[in-house]
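Each residue of the sequence shown is one higher than the one before, counting from 48 in the numbering used here. What follows is a set of notes on a single structure, which appears directly below.
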Amino acid sequence: MAKKISKYKIALIGNPNSGKTSLFNSLTGMHQHVANFPGVTVDKKTGILKIDKELTVSLIDFPGTYSLYPNSDDEKVVAEILTNPNDKDYPDAVIYIIDPFDFKRQMLLLTQLQDLGLPVLVVLTMKDLASKQNIKINTKKLSEQIHSPVIFFSNKTKENIPEIKSGIKNLFKDNYKFESGYYSLNPVEKDIVEKYKDKLSFNTEYQGLLQIHHSKWLKYIPKNLKEKINDYKLSIGFNDISLQIQETLERYRIFNKKIRGIINHRKNSGKAITDKIDDIVTNKIAGPVIFFVLMLFMFQAIFSWSELPMEWLENGFTILSNYLKTNFSQNWFTGLLADGIIPGLAGVLVFIPQIFLLFLIIGIMEEVGYMSRVIFMFDDLMRKFGMNGRSMISLISGGACAVPAIMSTRTINNWKERLITIMVTPLISCSARIPVYTLLVVFAVPDNDIWIFNSRGLALMGLYSMGILMALISSLVMKYIIKTKGGSYLMISLPEYKKPIIKNIGLYVKEKVGAFVFGAGKIILLVSIALWFLASYGPPGAMDEARTQAIETGVKRNLNKVQIQNLIAAEKIEHSYIGYLGKSIEPAIKPLGFDWKIGIALITSFAAREIFVGTMATIYSVGSTEDNLKVSEQMSKDVNLQTGEKTYNSAVAWSLLIFYVFALQCMSTIAVVRKETGSWKWPLVQFLYMGGLAYFFSFLIYNFLN
Numbered sequence: 048m049a050k051k052i053s054k055y056k057i058a059l060i061g062n063p064n065s066g067k068t069s070l071f072n073s074l075t076g077m078h079q080h081v082a083n084f085p086g087v088t089v090d091k092k093t094g095i096l097k098i099d100k101e102l103t104v105s106l107i108d109f110p111g112t113y114s115l116y117p118n119s120d121d122e123k124v125v126a127e128i129l130t131n132p133n134d135k136d137y138p139d140a141v142i143y144i145i146d147p148f149d150f151k152r153q154m155l156l157l158t159q160l161q162d163l164g165l166p167v168l169v170v171l172t173m174k175d176l177a178s179k180q181n182i183k184i185n186t187k188k189l190s191e192q193i194h195s196p197v198i199f200f201s202n203k204t205k206e207n208i209p210e211i212k213s214g215i216k217n218l219f220k221d222n223y224k225f226e227s228g229y230y231s232l233n234p235v236e237k238d239i240v241e242k243y244k245d246k247l248s249f250n251t252e253y254q255g256l257l258q259i260h261h262s263k264w265l266k267y268i269p270k271n272l273k274e275k276i277n278d279y280k281l282s283i284g285f286n287d288i289s290l291q292i293q294e295t296l297e298r299y300r301i302f303n304k305k306i307r308g309i310i311n312h313r314k315n316s317g318k319a320i321t322d323k324i325d326d327i328v329t330n331k332i333a334g335p336v337i338f339f340v341l342m343l344f345m346f347q348a349i350f351s352w353s354e355l356p357m358e359w360l361e362n363g364f365t366i367l368s369n370y371l372k373t374n375f376s377q378n379w380f381t382g383l384l385a386d387g388i389i390p391g392l393a394g395v396l397v398f399i400p401q402i403f404l405l406f407l408i409i410g411i412m413e414e415v416g417y418m419s420r421v422i423f424m425f426d427d428l429m430r431k432f433g434m435n436g437r438s439m440i441s442l443i444s445g446g447a448c449a450v451p452a453i454m455s456t457r458t459i460n461n462w463k464e465r466l467i468t469i470m471v472t473p474l475i476s477c478s479a480r481i482p483v484y485t486l487l488v489v490f491a492v493p494d495n496d497i498w499i500f501n502s503r504g505l506a507l508m509g510l511y512s513m514g515i516l517m518a519l520i521s522s523l524v525m526k527y528i529i530k531t532k533g534g535s536y537l538m539i540s541l542p543e544y545k546k547p548i549i550k551n552i553g554l555y556v557k558e559k560v561g562a563f564v565f566g567a568g569k570i571i572l573l574v575s576i577a578l579w580f581l582a583s584y585g586p587p588g589a590m591d592e593a594r595t596q597a598i599e600t601g602v603k604r605n606l607n608k609v610q611i612q613n614l615i616a617a618e619k620i621e622h623s624y625i626g627y628l629g630k631s632i633e634p635a636i637k638p639l640g641f642d643w644k645i646g647i648a649l650i651t652s653f654a655a656r657e658i659f660v661g662t663m664a665t666i667y668s669v670g671s672t673e674d675n676l677k678v679s680e681q682m683s684k685d686v687n688l689q690t691g692e693k694t695y696n697s698a699v700a701w702s703l704l705i706f707y708v709f710a711l712q713c714m715s716t717i718a719v720v721r722k723e724t725g726s727w728k729w730p731l732v733q734f735l736y737m738g739g740l741a742y743f744f745s746f747l748i749y750n751f752l753n
């Protein structure tokens, strides 16, 4: 008796850019969960698909891969799971996604999956685009030839969703017939698989062969067994590379015969629309110009379009805080909420509109197929700096967050190029820096219009450009310092241009903004509580003494009641626990123009850069007598008591901005670099060289402007 379908796991597998994730979104909708595969920091998207009223299945969106002979870490994750029938994520069946515009190359992985003994449902995507370009595929004949059901699907029109559900259901029927056997093992391969069949666990001979090929790095094979397998390979002349090449060629020979006459390409003369667009978009001169214009548009949109919704959010938090102060008794709990938690969260959450716009624009460029062109277009340039075209995606992703950007370097098969990309990616300004930049640019740059551009928007792009320039300079230096053998190559599929699907973009933006809000929110909440406590209390007697001194000073200066209250607040926070902590590091940062309050924000920023704003909001809210939560206004009124000058002048603002452009202030980034490089050496080197750059250039800019 078959187990319940609700317990079946189905893997969505396909080449990169085949439309796999779009199909996953179409099938699961909002019923998705993002986590990591056990033991690795590779995204695993799971979703629930309701087949009918009684039956549901669990879908797992596997990383894109070209073959079960992997060339990158992402592909290794797929191979490790699919070669181990005991893995918790091992699927009961596979939905294999094929891009009809690159049909033949994707048949290789399909035949490998079938030889694993897995039931496979083949889904051809982009039916609407194929029809427009007069590409016809005989799905019935294809199904007969490959012994798997085939369905043509359009992510745009959602055509054939019911047929896909029906096809999934049929995969698990007791009378389902499945034929495998594309590749027959040669005598040497049969010999070694037979020898170790009692010590390895596999469902088919081919799955056992894959375990033998990958035994050196498969985690589930015991170390002593790996050594025995390797010794036996040497004794019988089992050469992994040559045998893999022979197998691949044999598979192509077999399936080329099977698919002959199944696909009919367009007969119209002239170039396809995609090719015509690519002639411009990937042109050596026009391509980079278009890319630059798109980036300029993105930064202008982030700064200009988000102004009104940010103001609404900021006013909302202000009203909430003032309501608590006015309508509830003034005790420690009200103070914690009104002066600690709400200002801390408000300092970051008001930037949701900017984060939303950032991911919206990136999501659209990804959805239409532009990002693949960026990889192709910049491959030659990146190689001059010790990286390759795939590094460009990591660097662009770094504009969102360095953590997934560094994880995405697994697609780079050359270790030196991958390491250099990892080491310079945090120099690309991430979304966590946007709140810091937006806050400080107000003090650094006047709000003027230059032609059609906003001066602060241009400054924002200048900060991003500064990070990019330093990333390139650093990578060029590392190219000659880091030594490694072997070269690399770029294998990438350029998908057809297509209209963006709103649902897919919406899910992408929801996932990324949600990660920002809930990921940073939890940290900000804890930090805000700690900061409020440290800023509200001090050593025994210190706060009372500060109050007394402030009153005496106020009387001597003939200050009014409000001015005296503000002076009391300033003196109390300076004599609080957080004040003493800030004072202890002030000598080290004073040459950069930073005071002890900024020092506190620099320390808390190591939890997450965006906490800088929440920290400043909390510090300036504690004890404040003014009913205003706008941290920029609170900071603009801060005066250096010794000089009488404003604390946040242009020199200090630019010094802080430069510091945040270069400094590695993110514990999560340090942790993921340790994970990806397998050593504390590289995150330590990264932290020190970026910190050195930050201090040096901040010192220069402050002393130049001051």
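Where is the CB? At the ideal position from N, CA and C, for every residue including glycine.
Taking 8 Å as the upper bound for CB-CB distance, Glu618 and Ala593 are in contact here, some 4 Å apart.
Rounded to the nearest whole angstrom, the C-alpha separation of Val328 and Pro730 is 37 Å. Rounded to whole angstroms, Phe746 and Gly626 show a C-alpha spacing of 23 Å. Taking the Cβ atoms as the reference, Lys550 lies roughly 6 Å from Asn72, within the contact range of under 8 Å. DSSP places Lys135 in the coil class of the three-state scheme, outside both helix and strand. The C-alpha of Leu176 is placed about 9 Å away from the C-alpha of Ile182.
Rounded to whole angstroms, the gap between the alpha carbons of Lys545 and Leu405 is 21 Å. In this structure Val141 is in contact with Ile57, their Cβ atoms being roughly 7 Å apart against a cut-off of 8 Å. When secondary structure is reduced to three states using DSSP, Thr103 falls in the strand class. DSSP places Leu711 outside both helix and strand once states are collapsed to three, so it counts as coil. Cβ-Cβ distances below 7 Å link Leu256 to Leu232, Glu236 and Val240 in the same chain, with the five nearest sequence neighbours on each side left out; the list follows chain order. Unbroken alpha helix (DSSP H) runs of no fewer than 4 residues, entirely contained in the region 372-456, are found at 379-382, 389-396, 399-415, 417-424, 426-431, 436-444 and 449-454, following chain order. Under the DSSP assignment, Ala506 falls outside any beta strand (DSSP E), being part of the alpha helix (DSSP H) whose first and last residues are Ser502 to Ile528.
In the three-state DSSP reduction, Leu606 falls in the coil class, being neither helix nor strand.
For Gly739 and Asp386, the gap between their C-alpha atoms comes out near 35 Å.
When secondary structure is reduced to three states using DSSP, Phe743 falls in the helix class. Following the DSSP letters along the chain, one finds Leu70 in no beta strand (DSSP E) but inside the alpha helix (DSSP H) bounded by residues Lys67 to Thr75.
Three or more Cβ pairs closer than 8 Å define a contact, and the region 246-263 meets that threshold against the region 129-141.
Lys56: member of the beta strand (DSSP E) spanning Lys56 to Gly61, first to last residue.
DSSP lists Ile60 and Val169 as the bridge partner or partners of Tyr143. DSSP places Phe199 within a strand segment (E or B) once states are collapsed to three. For a cut-off of 8 Å, the C-beta gap from Phe659 to Val524 is around 29 Å, too long to register as a contact. Counting of Cβ neighbours within 10 angstroms places Glu413 among the buried residues, the total reaching 16 or more. Residue environment analysis places Lys559 among the buried positions, since at least 16 neighbouring C-beta atoms fall within 10 angstroms of its C-beta. Under the DSSP assignment, Gln291 falls in the alpha helix (DSSP H) whose first and last residues are Asp287 to Lys305.
The residue from Ala348, Asp325, Phe641 and Val125 with its alpha-carbon nearest to that of Ile402 is Ala348. If you draw a 10 Å sphere on the C-beta of Gln377, you find fewer than 16 other C-beta atoms in it, and that means exposed. Within a 10 Å sphere around the beta-carbon of Trp701 sit 16 or more other beta-carbons, which makes this residue buried. When Cβ pairs closer than 8 Å are counted between the two stretches, the region 182-197 is seen not to touch the region 111-123, the count staying below three. Residue state for Val686 is assigned as strand, using DSSP reduced to three classes. For Ile469, the closest of Ile144, Arg437, Glu680 and Leu160 by C-alpha to C-alpha distance is Arg437. Contact between Tyr143 and Ile60 holds: CB atoms are separated by about 6 Å, below the 8 Å threshold. By the Cβ neighbour-count rule, Pro390 is buried, with 16 or more other Cβ atoms within 10 Å of its own. Residue pairing for Lys693: DSSP places it in a beta bridge opposite Val686. For Gly111 and Thr694, the gap between their C-alpha atoms comes out near 51 Å. Between Ala452 and His261, the C-beta gap is not smaller than 8 Å, which leaves the two residues out of contact.
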